[in-house]
Amino acid sequence: MIKKLITKLFIFQMLFSFCATVYAEIDDFGLLDGIYFGGDIGQSSGDFYPKYYKESMSVAGYSSSYSHGNHYAYKLYAGKSLDGFTGIDIEGGYVNLGDLNLKVQAIQPPDEQLFLQEAVKLMPLSSVSGFYLSSVFKLPITRAFNGMIKLGAFIWDGESELKGTSVSQVRKESGIGPLIGIGGSYLINHRFRFNGNIEKYSVGNTNENGYFFYSMGVSYLY
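Positions 766 to 987 (our numbering) are the ones given, in order, by the sequence shown.
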């Protein structure tokens, strides 16, 4: 489903670029030197440590297996271009990294409630969202295309829930972690640009490293 949405968005932007009457012949300190708004969609995946998790559960006296999958994610943001096409942007926004499909199974089932109480303490956060603030450093490649490096902070809230046959356990946490990212943007015309990014949002405790967010989207230059 997400691949179809990204494909449709990409096709739409390409058609828009051909139909636009004004292309990216922009002065470096012209209309790009201002405020922009945007939205991205994509897929998140967890960069976790299954080995650490299994070792921790073993120390706790349980034998278990653990797996996780990917999920859809999105973000909404606004920023200020400080120095046109070749400079620095200050950007902030909201990110929802989706709900990862985390599964934990006791190979030799102990008492279910005790197992869930221990497992939920050690497993990664499966649902994470929050706000970020970052600096975006732009590197011009062509007149209409540039690369980007993003560095910032992510203020997050997250939770995990494990459900058994008769009981469940929930873990909730919040915190602040670093955000890093790379990407690029293509200037369609004086007002719109198409963006693609790979970002990493660090969350959680020692058995977690964070989420990767692979996204594509559109921003409007005000």
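Idealized CB from N, CA, C, for every residue including glycine. All of these numbers come straight from a predicted model, not from anything done at the bench.
- Residue pairing by DSSP leaves S931 without any beta bridge partner.
- The C-alpha of E964 lies about 6 Å from the C-alpha of F977.
- Cβ neighbours of S925 within its own chain (closer than 8 Å, five residues either side excluded): L867, V885, M888, P889, L890, S891, S892, V935, R936.
- In this structure, D805 sits away from N954, with a CB-CB distance that is not shorter than 8 Å.
- Scanning the stretch 869–914 for uninterrupted alpha helix (DSSP H) segments of 4 residues or longer gives 877–887, listed from N- to C-terminal end.
- Taking all protein chains shown into account, K915 has 16 or more neighbouring C-beta atoms within 10 Å of its C-beta and is therefore buried.
- F902 and T930 have their alpha carbons spaced roughly 50 Å apart.
- Beta-bridge annotation (DSSP): R936 is paired with S925.
- The Cβ atoms of N962 and G975 do not sit closer than 8 Å to each other.
- In terms of Cα proximity to G844, the closest of V932, Y897, L904 is Y897.
- Shown here, Y987 sits in coil according to DSSP, grouped into three states, outside any helix or strand.
- Annotated three-state conformation of L865 is coil, per DSSP.
- With contacts defined by Cβ atoms closer than 8 Å, G858 and S809 do not form a contacting pair.
- In chain order, Y859, V860, N861, L862, W921, D922, G923 place their CB closer than 8 Å to the CB of S894, counting only its own chain and leaving out the 5 sequence neighbours on each side.
- The C-alpha of F957 is placed about 6 Å away from the C-alpha of L986.
- For V860, the pairing in a beta bridge is given by DSSP as K840, G895.
- By the neighbour-count definition (other C-beta atoms within 10 Å, threshold 16), V932 is an exposed residue.
- Taking a contact as a CB-CB distance under 8 Å, the pair Y801 and S980 does not count as one, their CB atoms being some 16 Å apart.
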